[in-house]
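Novice:
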Amino acid sequence: MDRRGASDSELSGHRPAVLVVSVGSRRLVSAVNPAAEAQGLSPGLALADARAQVPGLAAANADPEGDAAALLRLAQWCGRYSPWTVPHGDDCVLLDITGCAHLAGGEDRLGAELVERLARRGIGARVGSADTIGGACAIARGGAYTVNIVVSGGMRNALAALSVRTLRFDAETVAALERLGLRRIGDLYPLPRAELAKRFDAALMARLDEALGEGREALSPLPPAPVRWTRRQFAEPIAARESIEAAIRTLLESLCRSLGDEGLGARLLVLTLHRVDGESASLAVGTARPSRDVAHLMRLFAERIEQIDPGLGIEDMVLAAKTAEPLAARQLGLRIPSPSRGEGDIVLDDDAAMLIDRLANRLGARSIGRLLPREAHLPERMQHFVFAFTLGNAGWRADKPRPVRLLPRPEPIEATAPVPDDPPLNFRWRRRLHHVARAEGPERILGEWWRGTREAELLRDYYRVEDQDGRRYWLFRAGLYRPDARPRWFLHGLCA
Amino acid sequence: MMRLVNREGVDRLRREIARIEQGARDATAPVLPFGVAEIDRCLPGGGLMRGALHEVNGKGPDEEDASVPASFIAGLAARLDPAKQILWCQSGGGDLYGPGLASCGLAPARLLIAHAGNAVDLLWAMEEGLRTRALAAVVGEIADLTGPASRRLQLAAENSGVTAFALRRFRVPSGTARAPNASVTRWCVSPAPSAPRDGEPGLGRPRWRLELWRARGGAPAEWIVEACDATGHVALPAALGDGSARRERFRTVGT
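Chains as they are written, first to last, in our numbering: chain Y, 1 to 496; chain P, 1 to 255.
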């Protein structure tokens, strides 16, 4: 799929034109349009040579970053045909159409529709479909047609007649192969593998094997395929909130039906909207527990609909369940063992679980949670904020009086304490002077020595103090009292 | 002869049974009694109405003024329905400290905390929580509680039976702090000087000045109380019976 120059009318016209990159002080041709190709120009030529060869050649600077961004947008655009699309190299988009082609009426129909739609956007594209990524790329570049389909098992034959260039070896390898008269991929078949591997680098054999599907499977750079996927196309692009909502509901209903057939529930749903102008946007909603409750999932999407910018209209919507899990777990409910004092367990039922989903989807998954106790010395480390469904040890130590609010970090205060180890007589916090009427302490808390030397030297003497108005604070003096140094005091918590 | 009965132990068990029975009654009654006759007398129905919005103010808008109301609410919310969760909505960072809440009677394991980025999201989260019958209470720390917002919360609470607490903190434009809203009760809880335990150094049980600014169907009132204990109950210091608390109360109310 070649998009280069597509946006520039001058370059996509019938005049020979090239794109140019600077390599050191040299200006090299990086891409040519069909007219320039017909004149014998090819990428890699110096611009000066190209100009000499083709007078009146149009040249423009290449924009590799812009190209990459455009290719990514194109890959997203292709998301309507497959849930699995990714840019590949600098001019190719891979689509895994396994199990999707029938939605478009077969591979050939899908390819034809793709080419036609892209052509309407001024993008020239070639499509190759094959069992392997390498093979599909090669046949797309070198195939005889705009849409080339290689049937399963026909890879060797299909590739035999293609130029070795289509396998995208580096320029040196191609030159060396052509010097030896090995112009077609088929020319490589009868040669002994050991000889080829010795003469060229291992990459050549690997490329070839990948294309033919004979080598080991290359690791897929693509994300795992979703469990379920539904798509809806609109004859008339839609933009009104009500229509979008109705469309999402229809997609949800069909997705939940198919999830139901397998006893699954969705954990992560991704809705991708393809706009008329070629842009696409996606919305993801997650659930803490697998769900195929249309009403619940619809509510999660409804919260987010205003985030959608329909532009001139949406022509295509894809809803994918990226993560799905067996729904049986749902019935078990979640029990949080209650701390002492004879209360029953706290049960997190479906209603609570759905509430958590709604809050998490609007406020962010990290914004809803619960506190778990942690074995630690320092008060600020004795609790941590975890996702709402995390279960943990419910044992909180309540043996010592503690503040109800803990400042995010201890704040320095000016305190007057006459005698070492005595609580301060007064202190100033946030510009207000407090006289200490009553106090309790010190309670010594030591750092966690295993964390390192700084921590090992850490020592805090905590005092609970009550000021003249009855307000209670949790203060500490940092470090041991030293006659030669001014003690540093901090306010750490606000008590009841 | 062997002593078969440990009188003290039996008494303790009886008190425990009475407390559990009281708890079971508490969970179904239309109101949550404070368990302090002087306070319950001033509230219609003899306690804090369940399934309603209650506003709790601190002494002022400063950060330190939000800790006493938090303890007060924690104690009440914990006693509402011990089997259910409590949603506590905060805006911005969280400063609730589990060990401290536990000593007010609220087990941190029952707490669901939501952080909202702004007031709109916070009110939304509160309302969502109030629509979920699975919760015992919803607490929201907010600066401003306007008439329309409070009506929405009150309506949601009424429909589901979940009790709502609006903890007013942060600064609001002057004059709007006590502007009327739809809360069924409006409280102000602020610290009061505590009385030291007899002959003991250090701090006694904290004391609060508890003001009932407004109660639908009740009259404003004011008390000096001892802060929530580990079961979430406040108490009147007069119960100490040594007279010191009474003097204290008189003095504080008079100022």
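For each residue, glycine too, the CB sits at the ideal point set by N, CA and C. Note that this is a predicted model, so its numbers are computed, not measured.
With L355 (chain Y) and G129 (chain P) assumed to form a contact (beta carbons below 8 angstroms), what rounded beta-carbon distance in angstroms separates them?
Specialist: As a first step, residue 355 (chain Y) must be located in the first sequence, where it is residue number 355. As a first step, residue 129 (chain P) must be located in the second sequence, where it is residue number 129. Confirmed, Cβ separation roughly 6 angstroms.
Novice: Got a sec: is the Cβ-Cβ distance from A437 (chain Y) to anything in chain P below 8 angstroms?
Specialist: By 1-based counting over the first sequence, the position of residue 437 (chain Y) is 437. Interface residue, yes.
Novice: So, do the segment 30-40 of chain Y and the segment 68-87 of chain Y have three or more beta carbon pairs nearer to each other than 8 angstroms?
Specialist: The segment 30-40 of chain Y vs the segment 68-87 of chain Y: no contact.
Novice: For D349 (chain Y) and chain A, any beta-carbon pair shorter than 8 angstroms?
Specialist: The structure shown contains no chain A; its protein chains are Y and P.
Novice: Is the CB of W489 (chain Y) under 8 angstroms away from at least one CB in chain P?
Specialist: The residue you call residue 489 (chain Y) lines up with position 489 of the first sequence. Closer than 8 angstroms: no.
Novice: Would you please state the rounded distance, in angstroms, between the beta carbons of V294 (chain Y) and L269 (chain Y)? I believe it to be under 8 angstroms.
Specialist: Mapped onto the first sequence, residue 294 (chain Y) falls at position 294. Mapped onto the first sequence, residue 269 (chain Y) falls at position 269. Going by Cβ atoms, the distance from V294 (chain Y) to L269 (chain Y) rounds to 11 angstroms, so no, they are not a contact pair.
Novice: Determine whether the beta carbon atoms of F301 (chain Y) and I238 (chain Y) lie at a separation below 8 angstroms.
Specialist: One-based indexing of the first sequence puts residue 301 (chain Y) at position 301. One-based indexing of the first sequence puts residue 238 (chain Y) at position 238. No, Cβ-Cβ distance for F301 (chain Y) and I238 (chain Y) is not below 8 angstroms.
Novice: Flag this pair as touching only if the segment 139-147 of chain P and the segment 165-173 of chain P have three or more C-beta atom pairs under 8 angstroms; answer yes or no.
Specialist: Short answer: they touch.
Novice: For V184 (chain P), I'd like the list of residues in its chain whose CB is within less than 8 angstroms of its CB, leaving aside the five on either flank, ordered along the chain.
Specialist: Counting from 1 along the second sequence, the entry for residue 184 (chain P) is found at position 184. Hits under 8 angstroms: M49, A52, L53, H54, Q154, A215 and R216.
Novice: Taking C-alpha atoms, which residue in P:K84, P:A66, P:E64 and P:C188 lies nearest to D351 (chain Y)?
Specialist: As a first step, residue 351 (chain Y) must be located in the first sequence, where it is residue number 351. Among P:K84, P:A66, P:E64 and P:C188, the Cα nearest to that of D351 (chain Y) is on P:K84.
Novice: Whether or not the segment 81-98 of chain P and the segment 198-210 of chain P are in contact is what I'm after, with contact meaning three or more pairs of Cβ atoms, one per stretch, closer than 8 angstroms; do they touch?
Specialist: The segment 198-210 of chain P is not in contact with the segment 81-98 of chain P.
Novice: Could you round the C-beta distance between R381 (chain Y) and R370 (chain Y) to whole angstroms and report it? I think they count as a contact, below 8 angstroms.
Specialist: Stepping through the first sequence from its first residue, residue 381 (chain Y) is reached at position 381. Stepping through the first sequence from its first residue, residue 370 (chain Y) is reached at position 370. Contact flag wrong, Cβ pair sits at about 17 angstroms.
Novice: Just to make sure I have the definition right: I need the residues of chain Y whose C-beta is within less than 8 angstroms of the C-beta of D121 (chain P). Which are they?
Specialist: Here residue 121 (chain P) refers to the residue found at position 121 of the second sequence. The answer, in chain order, is R362 and L363.
Novice: In terms of DSSP beta bridges, what is M317 (chain Y) paired with?
Specialist: Locating residue 317 (chain Y) in the first sequence gives position 317, where the first residue counts as 1. Paired residue(s): Y:R232 and Y:L273.
Novice: Exposed or buried, what is I17 (chain P) when buried is set at 16 or more other beta-carbons lying within 10 Å of its beta-carbon?
Specialist: Numbered from 1 along the second sequence, position 17 holds the residue referred to as residue 17 (chain P). Its Cβ having fewer than 16 others within 10 Å, I17 (chain P) is exposed.
Novice: Please identify the residue among Y:A324, Y:F234 and Y:C495 whose C-alpha is closest to the C-alpha of D261 (chain Y).
Specialist: The count along the first sequence starts at 1 and reaches residue 261 (chain Y) at position 261. The shortest Cα separation from D261 (chain Y) among Y:A324, Y:F234 and Y:C495 belongs to Y:A324.
Novice: Excluding the five sequence neighbours on either side, which residues of its own chain have a C-beta within less than 7 angstroms of the C-beta of V115 (chain Y), listed in chain order?
Specialist: For the purposes of this step, residue 115 (chain Y) is identified with residue 115 of the first sequence, where counting begins at 1. Closer than 7 angstroms at the Cβ level, and outside the excluded window around V115 (chain Y), lie A125, V127, T146 and V147.
Novice: By Cβ distance, which residues of its chain are closer than 8 angstroms to D316 (chain Y), with the 5 residues on each side in sequence left out?
Specialist: Along the first sequence, read from residue 1 onward, the residue named residue 316 (chain Y) stands at position 316. Within the same chain, D316 (chain Y) has close Cβ partners R80, R231, R232, Q233, F234, L273 and H274.
Novice: What residues from the segment 400-419 of chain Y come within 9 angstroms of chain P, judged by C-beta to C-beta, listed N to C?
Specialist: Residues K400, P401, R402, P403, V404, R405, L406, L407 and P408.
Novice: Could you say if the segment 101-116 of chain Y and the segment 51-64 of chain Y meet the contact criterion of at least three C-beta pairs nearer than 8 angstroms?
Specialist: Output reads no: the segment 51-64 of chain Y does not touch the segment 101-116 of chain Y.
Novice: Alpha carbon to alpha carbon, what distance is there between A66 (chain P) and P442 (chain Y)?
Specialist: Along the first sequence, read from residue 1 onward, the residue named residue 442 (chain Y) stands at position 442. Along the second sequence, read from residue 1 onward, the residue named residue 66 (chain P) stands at position 66. Those two C-alpha atoms are separated by around 25 angstroms.
Novice: Among Y:V23, Y:E457 and Y:L283, which residue has its Cα nearest to the Cα of P480 (chain Y)?
Specialist: On the first sequence, position 480 is the one that residue 480 (chain Y) refers to. Per the sequence shown, residue 480 (chain Y) should be read as Leu rather than Pro. Nearest option by C-alpha distance: Y:E457.
Novice: Compare the C-alpha of E211 (chain P) against each of P:E222, P:A134 and P:G204 and name the closest.
Specialist: Translated into the one-based positions of the second sequence, residue 211 (chain P) becomes position 211. Nearest option by C-alpha distance: P:E222.
Novice: Which residues, in chain order, does the segment 366-378 of chain Y contribute to contact with chain P at a C-beta distance below 9 angstroms?
Specialist: Under the 9 angstroms Cβ criterion, the segment 366-378 of chain Y contributes R366, S367, I368, G369, R370, L371, L372 and P373.
Novice: For K400 (chain Y), count neighbouring C-beta atoms within 10 Å of its own C-beta (all shown protein chains included) and say buried if the count is 16 or more, exposed if not.
Specialist: The residue given as residue 400 (chain Y) occupies position 400 in the first sequence. Result: exposed.
Novice: Using a Cβ-Cβ cut-off of less than 7 angstroms, list which residues of the segment 87-108 of chain P approach chain Y; keep chain order.
Specialist: Answer set for the segment 87-108 of chain P: G93, G94, D95, L96, Y97, G98, P99, G100, L101, A102, S103, C104, A107 and P108.
Novice: Between the segment 114-134 of chain P and the segment 421-433 of chain Y, are three or more C-beta pairs nearer than 8 angstroms?
Specialist: Flag = no, the segment 114-134 of chain P and the segment 421-433 of chain Y do not touch.
Novice: Can you give the beta carbon distance from S150 (chain P) to A182 (chain P), rounded, assuming they're within the 8 angstroms contact cut?
Specialist: One-based indexing of the second sequence puts residue 150 (chain P) at position 150. One-based indexing of the second sequence puts residue 182 (chain P) at position 182. Confirmed, Cβ separation roughly 4 angstroms.
Novice: With DSSP as the reference, label K198 (chain Y) as helix, strand or coil.
Specialist: Sequence index remark: in the first sequence, residue 198 (chain Y) carries index 198 (1-based). DSSP places K198 (chain Y) in helix when its eight states are reduced to three.
Novice: Relative to the C-alpha of S25 (chain Y), which residue among Y:L47, Y:G40, Y:R117 and Y:G56 is closest?
Specialist: For this step, residue 25 (chain Y) is matched to residue 25 along the first sequence. Per the Cα distances, Y:L47.
Novice: Could you name the residues of the segment 440-462 of chain Y whose beta carbon sits closer than 9 angstroms to any beta carbon of chain P, in the order they occur along the chain?
Specialist: Listed in sequence order: E440 and G441.
Novice: Does the separation of the CB atoms of L188 (chain Y) and L208 (chain Y) fall below 8 angstroms?
Specialist: By 1-based counting over the first sequence, the position of residue 188 (chain Y) is 188. By 1-based counting over the first sequence, the position of residue 208 (chain Y) is 208. Against a cut-off of 8 angstroms, the Cβ pair of L208 (chain Y) and L188 (chain Y) comes out as a contact.
Novice: Since A219 (chain P) meets chain Y, which of its residues come closer than 9 angstroms, beta carbon to beta carbon?
Specialist: The count along the second sequence starts at 1 and reaches residue 219 (chain P) at position 219. Those do not exist, as A219 (chain P) stays about 25 angstroms from chain Y at its closest Cβ, beyond 9 angstroms.
Novice: Quick one: is W124 (chain P) near chain Y, going by C-beta distance under 8 angstroms?
Specialist: Numbered from its first residue, the second sequence carries residue 124 (chain P) at position 124. Chain Y, which has a Cβ nearer than 8 angstroms to the Cβ of W124 (chain P), makes this yes.
Novice: What does the alpha-carbon distance come out to for the pair G181 (chain Y) and S82 (chain Y)?
Specialist: To locate residue 181 (chain Y), count along the first sequence from 1; it is residue 181. To locate residue 82 (chain Y), count along the first sequence from 1; it is residue 82. In a straight line, the C-alpha of G181 (chain Y) is about 40 angstroms away from that of S82 (chain Y).
Novice: For W84 (chain Y), would you say it is in contact with chain P, using Cβ-to-Cβ distances shorter than 8 angstroms as the test?
Specialist: As a first step, residue 84 (chain Y) must be located in the first sequence, where it is residue number 84. With 8 angstroms as the cut-off, W84 (chain Y) does not count as an interface residue toward chain P.
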